[in-house]
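Numbering (my numbering), first residue to last: 206 to 598. Worksheet: one structure, shown below.
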Amino acid sequence: MNVQIRDPALFRHLSHLDVRAYLAGQQWTEAGRIGNKATVHTQQDAAHRTWEILLPSREDVADYPERMAEALHTLAQVEGRSELLIYRDLLAAGADVLRVAAPHAATDGTIAIQEGVLLHQEAENLLLAAACAAVQPRPSYHAGKVTEAVQYLETVRLGPSETGSYVITLLSPVAPVLRRHAQQSLLEDEPFPRQVTHRLVEALDALEQAANAAAASDDFAAFETRVSQGISANLCEAVARLAQQCHGIRLELSWARVRPAGRPNFRRFFSRETGRLLGEAAREFRRNEPRLDCALTAWVIRLDREPDQFDGRATLRLLIDNRPRHVSVKFEQSMFDTVIHAFRDRIPISLDGDLFPVGQRYELGNPRNLALVQGMDEPDRDDPLATVAATES
Numbered sequence: 206m207n208v209q210i211r212d213p214a215l216f217r218h219l220s221h222l223d224v225r226a227y228l229a230g231q232q233w234t235e236a237g238r239i240g241n242k243a244t245v246h247t248q249q250d251a252a253h254r255t256w257e258i259l260l261p262s263r264e265d266v267a268d269y270p271e272r273m274a275e276a277l278h279t280l281a282q283v284e285g286r287s288e289l290l291i292y293r294d295l296l297a298a299g300a301d302v303l304r305v306a307a308p309h310a311a312t313d314g315t316i317a318i319q320e321g322v323l324l325h326q327e328a329e330n331l332l333l334a335a336a337c338a339a340v341q342p343r344p345s346y347h348a349g350k351v352t353e354a355v356q357y358l359e360t361v362r363l364g365p366s367e368t369g370s371y372v373i374t375l376l377s378p379v380a381p382v383l384r385r386h387a388q389q390s391l392l393e394d395e396p397f398p399r400q401v402t403h404r405l406v407e408a409l410d411a412l413e414q415a416a417n418a419a420a421a422s423d424d425f426a427a428f429e430t431r432v433s434q435g436i437s438a439n440l441c442e443a444v445a446r447l448a449q450q451c452h453g454i455r456l457e458l459s460w461a462r463v464r465p466a467g468r469p470n471f472r473r474f475f476s477r478e479t480g481r482l483l484g485e486a487a488r489e490f491r492r493n494e495p496r497l498d499c500a501l502t503a504w505v506i507r508l509d510r511e512p513d514q515f516d517g518r519a520t521l522r523l524l525i526d527n528r529p530r531h532v533s534v535k536f537e538q539s540m541f542d543t544v545i546h547a548f549r550d551r552i553p554i555s556l557d558g559d560l561f562p563v564g565q566r567y568e569l570g571n572p573r574n575l576a577l578v579q580g581m582d583e584p585d586r587d588d589p590l591a592t593v594a595a596t597e598s
């Protein structure tokens, strides 16, 4: 069906920079300039006919919508495609486009509402995991606390759905590249949005390799050794949920025409079985992650030295995941008197801190906001449910 666009307002949404990049990618030649108002682009087809497009160079020219409409109409004739499809390509020319496809949609291209909601949520989590890894590769993230990643996600737009299974698109805008003497970029480093999509491609490629290696060896090290490439608990969780709930998931990324990436478009498929493996990898990552900003109530059950020689090292007793744990900690000197008082008089303490797993035990780092908790009896050491717990704020 050859759909044509009639609404002039839609053409104001087209960026002349994006259209220029699209024309260059389609082998159109810039044949001339009309001051700083427009450029002339030409192309010769297989029948040796010469086509011409007059492209505005500024949004404030009076006939901007009309010239964009003419450009779109000409492109539709040259390419033999509908104006609607080309319009969508032009809108995406200034963005890296992530496509998330559920191959097992119904024959009419629909999907269950629960799967559709999950598809959008986990696609967002996928980009957020890549953005966190672009800031600093780590085994896991409290993603909402990585400010640059959260700010990046606010720039991403949800694009129109596409035909073929059930496909959602996420548009990650990137700045047009500026070149010196048509050779060298004026920017030594890629802008952060492009760093994110580069990292996403690298991480998904590493994830496929890790899944294949782990399937053959049952070794979690296949994932751990690829953290520097962007693999994290967050990435594993997002892909696992997509693959399992959607009966397999296809992920594609195409690069913005305004900023060549120097690499081909990316495409990977993760099966439902692979999703199960990635879910287990995510659990392994989470099992070893630190718990930051925990609000704790605990008992001081041991001082490493006698009170008159106390150096700040002590052992606390508290609940972690409904299990009683002994946790090592080193207090600052300003807290010594309170800790000794709590130990001698069997008074519980409240404090904030960061719990770090070390093998089968935990250590508490950065203890702060220490206070005595009056009016609480010491729990029975044989009754774990009577032990007060640690919670993450």
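Quick reminder that beta carbons are idealized off the backbone N, C-alpha and C, glycines included.
Top-ranked residue by Cα proximity to Asp265, from Ser459, Leu577, Lys350, His218: His218
Span of the beta strand (DSSP E) around Asp559: 554–563
With 16 other Cβ atoms within 10 Å as the buried cut-off, status of His386: Residue placement at His386 is poorly supported in this model, since its pLDDT is 49, which falls under 50; the coordinates still yield a value, given next. Its Cβ having fewer than 16 others within 10 Å, His386 is exposed.
Buried or exposed by the 16-neighbour rule on C-beta atoms within 10 Å, applied to Asn574: exposed
Sub-8 angstroms separation of Pro553 and Val534 beta-carbons: Taking 8 angstroms as the Cβ cut-off, Pro553 and Val534 do not qualify as a contacting pair.
Classification of Ser366 by the beta-carbon crowding that lies within 10 angstroms, buried from 16 upward: exposed
First through last residue of the beta strand (DSSP E) which encompasses Asn571: 566–577
In chain order, each alpha helix (DSSP H) run of at least 4 residues that lies wholly inside the stretch 415–459: 426–429, 438–450
Range of the contiguous alpha helix (DSSP H) that encloses Val322: Counting along the chain, the alpha helix (DSSP H) containing Val322 begins and ends at 318–340.
Identity of the residues DSSP links to Glu367 by a beta bridge: According to DSSP, Glu367 bridges with Val372.
Exposure of Ser390, with buried meaning 16 or more beta-carbon neighbours within 10 Å: Note that Ser390 has pLDDT 43, beneath the 50 cutoff, so the model's placement of it is unreliable and no number is given.
Range of the contiguous beta strand (DSSP E) that encloses Thr234: From DSSP, the beta strand (DSSP E) with Thr234 extends over 234–239.
Secondary structure of Ser539, DSSP reduced to three states: helix
Where Gln449 falls, given that 16 or more other Cβ within 10 Å makes a residue buried: buried
Delimiting residues of the beta strand (DSSP E) encompassing Pro261: 255–261
Gly321 versus Asp313 - alpha carbon distance: Using only the alpha carbons, I get a separation of about 15 angstroms.
Segment limits, alpha helix (DSSP H) that includes Asp223: 221–230
Counted within 10 angstroms of its Cβ, other Cβ atoms place Ala419 as buried (16 or more) or exposed: buried
Leu289, enclosing alpha helix (DSSP H) - first and last residue: It spans 288–296 - the alpha helix (DSSP H) in which Leu289 sits, taken as one unbroken run.
Val355: first and last residue of the uninterrupted beta strand (DSSP E) it sits in: Careful: Val355 lies outside any beta strand (DSSP E), inside the alpha helix (DSSP H) at 352–358.
Pro308 to Asn470 span [Cα, whole Å]: In a straight line, the C-alpha of Pro308 is about 19 angstroms away from that of Asn470.
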